[in-house]
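Working notes for the structure below.
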């Protein structure tokens, strides 16, 4: 017997037809004053939003789940759905229900996704919300061809593109951290294999990623004949990625994109190269420990959203241009010295809203009256900034001031059009300023003074007719009327027209009352219609100023960052670094900018000097105990260089830095189990990437290379890597922290390798970490002291010390084996016979155990295993 199909009501038939067009989205379906969800969407929405799940047509064939919320609460519920990773299709009523006798016409007016949102509750003020597209057509295992990539933030209008190899694209993805990545469906597996599952990806039809289609999409949007003016004409893959983003925006009903006024190339050769490992290891934006502070947390003194977003960009893309770096430093120095000017500029910046997102909302027609007033007030706050810095002696600051736009006509237009206390929503009324529209003023007067007008009319008509009992009133059926009791009918003027007859009275209408009635009954609706029309006209007119406002936003963002750097320098004793074209790196009394802010109250950070060049001290081999501060010295060196090249002053007493073009770090242990890579494999991958990409201006920071394998393997690898870096024609500046004291011997053979150690003070039963870098190699690791500090059981510490003394007497594997045998013989128990088979088993077990690779836990487990064998033997 055939299964009965559900009966569809006209409403559900319409819903299902629209839902079929957006199968991957959660559909918010407008029904009257509510947005409703049905079926699986309702189940999902009720769970995410915490709203009640009910059933429509309960018990019938058309039964379906139902969950909804009031339409005016959209801005409350929509962000929760998007933050949960949902694509949300907003389906609105496209006609007035009062004007149709059939089912209301509906359609999707917007598709909101994690990467496409203008909602303030979804967006973070100091972070971009990038939609990204990746195009890898032609990339094969045998040919490392370019991948195209594009980023667009619809909330600010920023549109960026580039192309490069896998490593470069991976770095950009890490830096820009897009909320959503678009990929061709055919490349789904390839994308996941190369870039992992960390990104929220949406897979599009393959035909969208076609060169001709992408090119035509871009030139149509920008209304140009070519893309040469944007400097991206040669980016074949980048253009395809960029075109696919615009297609996606059109597909998601985002057609108003006048604020996307240009597209820029991310010029790889202009910025310091940092791979994703370096970005992660230096903890620029995200800490490997969720509770720890990042560099961004420490240096971000910006006040405006534009400045906060720009600082992230500067941190992701440090400059290589000496001229541009010096321009930033010069402004920071001036602002640092001129405290009153710095304070005034920052006070004005506090009055400036998010210009980028406000003008983007204007372009997309989603701006509120109050936000337009905020835009006007923000532009007014720019005027004194422009006046103040345009008159400064510092040339570069004057250039910044000259670039700011007054936008006088825009400010005046908003001022004369809108009420200063304009509401969030135009339908609340009182949006348009008094005096802007005479018709609107008259309607408002009618609306507010209707009773007074009727009282005045009543007084006039009473006096004219002599009827003392006249009454002016209204009802829903007949509207306004003048009521005359029958005793006074003979006094009614000829120009009054009878409207209704009652038992004891007559009701009349006059021409004046007709005109008034027409005005007063439609006044409220007319007021709303006029305000909506005038506001919409203003918003459309404002679009001609998009570029000027965006330029102001960009300049204020820059100024905010530079003011923040000046404040940072004043508060934390940062100094003006000397940047030049030499290959020297000289830091005196350098400090780690993050660690020094986390020290316990009263504790002073131990500063350190670092000097590196290509001729005399190219590689510093740093030995010293675990926990002594080797890693901190490595990281602080990189962070000081990084800060200097984004335009900030640095935490040191003095710093001379020859421009660095690449920063590489290999710090800490990690694995990639999902990709089948062990800790040691990841370490070798990262190190290989460094060695294959070094240049003469690279800064290389290596920490404990080789510790993921056996001692002799590790020493061999670390030695070979150090030798490779020393003998490489580029001679990259290198800091190499290691616990392999054998590497100290390299200074005897390689003249540009120097030994340093992080000093300690040995006490009777303990060790004091001095955290000071001094010349010369260290002979001890003090690992057992660290184990003691960690609370390791005394039995383990005793045995470890005993083994260490034996091992320190040997460097050859043969001697080491003899010592282990001797050590094992000392452990024999008296009830063993020398020819006992169990003894032979234990001896073989110990001889085949690689002590160098055993962790403490594994050693304890091995010891426990032997103990169980002995106990079992004794009981037998």
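Numbering (our numbering), first residue to last: 311 to 1186. Just so it is clear, CB atoms sit at the ideal spot from N, CA and C, and this is done for glycine as well.
Separation of residue 591 and residue 902 (C-alpha to C-alpha, rounded to the nearest whole angstrom) is 14 Å.
Residue 897 sits in a strand when the DSSP states are folded into three classes. Under DSSP, residue 399 shares a beta bridge with 337, 421.
For secondary structure counted as the alpha helix (DSSP H) over 4 or more consecutive residues, the region 625-712 holds these complete runs in sequence order: 632-647, 649-659, 665-673, 679-700.
For residue 460, the enclosing beta strand (DSSP E) begins and ends at 457-463. Excluding the 5 residues flanking it on each side, residue 392 has same chain C-beta neighbours closer than 8 Å at 398, 422, 423, 424, 427, 429, 432, in chain order. Residue 748 has its alpha-carbon roughly 19 Å from the corresponding atom of residue 732. Nearest to residue 788 by C-alpha distance, out of 819, 802, 769, is 819. Minimum Cα-Cα distance from residue 741 among the listed residues 610, 846, 612, 852 corresponds to 846. Note on geometry: alpha-carbon atoms of residue 963 and residue 906 lie some 15 Å from one another. Counting along the chain, residue 1056 sits inside no beta strand (DSSP E), nor does DSSP assign it H or E at all.
At a Cβ-Cβ threshold of 7 Å, residue 390 and residue 362 do not count as neighbours. DSSP, reduced to helix, strand and coil, places residue 584 within a strand of the structure shown. If you draw a 10 Å sphere on the C-beta of residue 825, you find fewer than 16 other C-beta atoms in it, and that means exposed. Annotation for residue 976: 996, 997, 1012 place their beta carbon closer than 6 Å to its own, counting only its chain and skipping 5 residues before and after. Under the three-state reduction of DSSP output, residue 744 falls in the coil class, being neither helix nor strand. Here residue 1012 is bridged, per DSSP, to 976, 1046. In this structure the region 628-640 does not lie against the region 514-531, because fewer than three pairs of beta carbons, one per stretch, are closer than 8 Å.
Counting along the chain, no alpha helix (DSSP H) covers residue 510, and no H or E run does either. Under the three-state reduction of DSSP, residue 873 is assigned to helix. For residue 611, the secondary structure class from DSSP, reduced to helix, strand or coil, is coil. When Cβ pairs closer than 8 Å are counted between the two stretches, the region 666-680 is seen to touch the region 854-865, the count reaching three or more. Counting the other CB atoms within 10 Å of its CB gives residue 755 a total below 16, which places it among the exposed residues. Contiguous alpha helix (DSSP H) elements confined to the region 899-976 occur at 940-956, taking only those with 4 or more residues. Considered as a whole, the region 801-826 harbours 807-811, 815-819 as its complete beta strand (DSSP E) runs of no fewer than 3 residues, in chain order.
Counting only residues of its own chain and dropping the five nearest sequence neighbours on each side, residue 401 has a CB closer than 7 Å to the CB of 328, 337, 338, 339, 340, 416, 417, 418. According to the DSSP assignment, residue 547 belongs to no beta strand (DSSP E) but to the alpha helix (DSSP H) extending over 546-561. Per DSSP, the continuous alpha helix (DSSP H) segment holding residue 477 begins and ends at 476-486. Residue 1063 sits in a strand when the DSSP states are folded into three classes. With respect to the 7 Å criterion, residue 494 and residue 516 are classified as neighbours on the basis of their beta carbons. Sorting 366, 332, 932 by C-alpha distance to the C-alpha of residue 346 places 366 at the top. Under the DSSP assignment, residue 330 falls outside any beta strand (DSSP E), being part of the alpha helix (DSSP H) whose first and last residues are 320-331. Residue 814 is classed as exposed because its beta carbon has fewer than 16 other beta carbons within 10 Å across all chains shown. The residues 616, 617, 620, in chain order, have a CB closer than 6 Å to that of residue 867 in the same chain once the five nearest residues on each side in sequence are set aside. Only exposed fits residue 744, as fewer than 16 other CB atoms lie within 10 angstroms of its CB. When the five nearest sequence neighbours on each side are left out, the beta carbons in the same chain lying within less than 6 Å of the beta carbon of residue 810 are those of 788, 817, in order along the chain.
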